[in-house]
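With my numbering as the guide, the letters of the sequence shown map in order to residues 106 to 639. Okay, structure first, notes after.
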Amino acid sequence: MKANVMDNLIKMVDLITELTTAHYSQEQLASFVDCPVYREAEEGRTVFLEDRPSCLREHCLCDSTFIVKTNKQGMLVAKGKPKRLEEALDCFIDAGEYLGFLYDYENLKVENHKLKKELKLMINETNEAVMVVNHKGKIQSASLPSCRIFQETESSMINKSICLWSEVLWDELEKVEYSGNIQVKIHDHDVHVIVQTVIEGGIKDRYVLYLQVKDRSQAPIHTNYSFSNIIGTSLAVERTKRLAERVAPSETTILLRGESGTGKEVFAQSIHAASRRSDQPFIAINCAAIPEALLESELFGYDSGAFTGANQKGKLGKFEVAKGGTIFLDEVGDMPLSLQAKLLRLLQERKFERVGGTMSIDVDVRIIAATHQDLDVLVQQGKFRQDLFFRLNVIQLVIPSLRDRIDDLPLLTESFLKEYSLRQGGRSKHFTEEAWLLLQQYDWPGNIRELKNVIAHATQIEVGDQLTVDSLPVALRKGYKNVVATPTHANEKERLLELLDQYGRHTAAKKQIASELNMSLPTLYRRLKKHGIK
């Protein structure tokens with residue numbers, strides 16, 4: 106068929122000067138819904154029209170016409186003198202269908218490119234050890250946890266052959282038809298790899314890998330962050346950073362308090378990196394992310410036969426995996442009361458028993474706990490043990506929200522823009538003035554994590570160098586009208602004075618002004634202070 110199509114395409118060269126061809130989109134065809142040509146073509150039939158009386162002359166696309174539909178993207182239309190048009194009919198229908206196929210194919214390629222970019226973004230942001238390897242064995246995407254298993258950075262792995270790290274893994278991958286499980290050894294660790302193949306055009310196009318280190322639900326890691334990685338010069342973050350640096354070398358238990366997304370784990374890793382245990386594992390576990398029935402075995406491990414479905418050899422818990430190092434108990438406020446008692450004993454006696462076991466195991470770890478909740482309130486409500494709270498709260502560090510360190514926004518934004526620019530080939534991008542003002546006025550309920558996601562979203566969506574208001578997520582664009590009301594720094598003071606004159610200067614009035622400007626009350630007070638308005 107393809108040879109016939111190409112022959113007919115060549116024949117059309119002599120006819121093309123006398124015939125007019127065009128591709129009409131769905132939007133352009135909307136005004137021709139009463140045309141019988143349109144109706145028949147819409148139903149999927151190729152139409153040849155010879156001055157049919159039923160055609161509405163004042164609305165019709167053409168005089169003598171034939172139309173080929175291109176997979177609901179629009180129609181390919183030819184019109185011209187009836188005699189020459191009829192000559193061209195056979196070759197044009199064949200060639201038109203082929204051209205329509207090419208048109209649809211290009212659209213599919215664009216859509217496929219968008220999906221691949223979205224997949225890469227999802228993999229980059231996941232907390233799981235996930236990799237994508239193409240049919241030639243080259244690594245296309247790798248999440249940070251998967252890079253940790255290979256003890257490499259993302260940039261050192263992308264577009265490199267998986268064989269550089271494990272020829273056995275690639276040999277086994279090639280044997281997987283649709284899905285499977287592979288056991289390999291990577292850097293002296295036994296790794297279980299769950300494989301799902303992606304089939305395109307009837308052949309294996311790529312492999313999606315989910316990696317798990319056996320007997321350890323997370324690979325033992327040595328921190329990726331230190332105090333030098335904590336970005337910001339605001340008083341709030343500098344105060345917390347200085348205190349953290351002072352207590353890092355000690356063995357004291359630390360409690361980190363702060364809203365979700367403020368960077369509590371970054372501080373925890375930095376403390377570990379500056380401690381005497383820095384050459385030992387740093388193990389993190391989110392107490393809110395694991396079901397209550399499994400949390401005890403994850404923390405303390407279990408002996409063989411502890412419960413139905415348990416590994417016959419038993420399993421090490423996080424406290425054993427972290428031996429000699431640091432364990433980070435994130436969202437400790439969500440730990441059930443039954444486990445709080447066991448954690449309290451571990452803190453007091455430095456001993457614990459596995460689930461289903463009777464032998465006490467000595468533990469040598471430093472504990473750093475974190476929560477976004479007010480533990481004092483939970484203690485009053487009977488949801489958190491007071492004695493455990495006292496044990497954890499030896500040194501308390503409050504991690505400021507982004508609202509309370511908004512002066513750090515330029516530095517944070519610049520750092521994240523550089524990070525995502527490197528991931529996308531080094532092309533630098535920047536926000537327009539209107540987009541930047543919108544970022545400054547936003548309240549950032551998700552803190553630094555939300556800022557990072559917003560920048561990742563904008564750099565992926567925008568193909569050019571400028572990141573505009575339209576590049577930002579919908580949640581931020583809701584405040585766009587208010588940004589337009591105060592577009593420059595020069596007239597911001599004037600705008601604030603106008604609103605104060607309109608609403609007044611008492612607290613209730615300032616709350617109303619903050620709401621109108623789509624900012625928090627503390628942000629409004631900072632703006633007033635910046636402009637010397639009392």
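Even for Gly, the Cβ is constructed at its ideal location relative to N, Cα and C.
Comparing alpha-carbon positions, the option among ASP509, PHE521, GLN445, ARG455 lying closest to GLN491 turns out to be GLN445. Spatial neighbours of GLN617 in its own chain (CB-CB distance under 8 Å, excluding positions within 5 residues in sequence) are listed in chain order as TYR608. Between the C-alpha atoms of ASP509 and VAL300 there is a straight-line separation of about 44 Å. Around the CB of CYS392, 16 or more other CB atoms lie within 10 Å, so the residue is classed as buried. Restricting attention to GLU436, ARG382, LYS634, PRO354, the CA atom closest to the CA of LYS428 is found in ARG382. Between the alpha carbons of PHE424 and LYS456 lies a distance of about 10 Å. Nearest Cα to GLN546 within the set ILE511, LEU516, GLU519: ILE511. Note on PRO396: under 16 other CB atoms within 10 angstroms of its CB, so exposed under the neighbour-count rule.
Between LYS243 and ASN264, the C-beta gap is smaller than 8 Å, which places the two residues in contact. The Cβ-Cβ distance between SER331 and ALA373 does not fall below 8 Å. By the neighbour-count criterion, in which a residue is buried when 16 or more other Cβ atoms sit within 10 angstroms of its Cβ, PRO515 is exposed. Taking a contact to require three or more Cβ pairs closer than 8 Å, the region 346-361 and the region 305-319 do not qualify as touching. Annotation: the continuous alpha helix (DSSP H) that includes MET262 extends over 259-262. Excluding its 5 nearest sequence neighbours in each direction, THR537 has C-beta neighbours in its own chain below 8 Å: GLN571, LEU572, THR573, VAL574, listed in chain order.
Rounded to whole angstroms, the Cβ separation of LEU348 and LEU451 is 26 Å, and the two are not in contact under 8 Å. Taking one beta carbon from each stretch, the region 520-534 and the region 358-378 have fewer than 3 pairs nearer than 8 Å; the two do not touch. Taking C-beta separations shorter than 7 Å and ignoring five residues to either side along the sequence, the partners of ILE336 in its chain run ASP513, LEU516, LEU517, SER520, following chain order. Residue burial is scored here from C-beta neighbours: PRO578 has fewer than 16 other C-beta atoms within 10 angstroms and is therefore classed as exposed. Around the beta carbon of PRO441, fewer than 16 other beta carbons lie within 10 angstroms, which makes this residue exposed. Here the C-alpha atom of GLY368 lies approximately 16 Å from the C-alpha atom of VAL559. Look at THR612 here: in three-state DSSP terms it is helix.
Straight-line measurement puts the Cα of GLN565 at about 25 Å from the Cα of GLU305. A straight line joining the alpha-carbon of ALA563 with that of SER260 spans about 21 Å.
Collapsing the DSSP output to three states places ALA561 in a helix. The criterion of a C-beta distance shorter than 8 Å is not satisfied by THR358 and ILE504. Counting C-beta atoms within 10 angstroms of its own C-beta, ALA247 has 16 or more neighbours from the protein chains shown and is therefore classed as buried.
For GLU524, the enclosing alpha helix (DSSP H) stretches over residues 514-528. For ASP548, no alpha helix (DSSP H) segment is defined, and its DSSP state is neither H nor E.
Counting only the Cα atoms, LEU249 lies some 20 Å from SER333. Its chain contains ARG508, ASP509 as the residues whose beta carbon lies nearer than 8 Å to that of PRO627, once the 5 sequence neighbours on both sides are disregarded; these appear in chain order.
In the same chain as ARG631, and ignoring 5 residues on each side of it, the C-beta atoms closer than 8 Å to its own belong to ILE511, in chain order. Counting only runs of at least 4 residues, the region 456-511 fully encloses the following alpha helix (DSSP H) elements, listed from N- to C-terminal order: 480-485, 491-497.
Separation of ASP276 and LYS557 (C-alpha to C-alpha, rounded to the nearest whole angstrom) is 38 Å.
For the pair PHE495 and LEU480, the CB atoms are not nearer than the 8 Å cut-off.
A distance below 6 Å between beta-carbons, with the five flanking residues on each side excluded, links HIS477 to the following residues of its chain, in chain order: GLU364, SER365. When the beta-carbon positions are compared, GLY406 and GLY419 come within less than 8 Å of each other.
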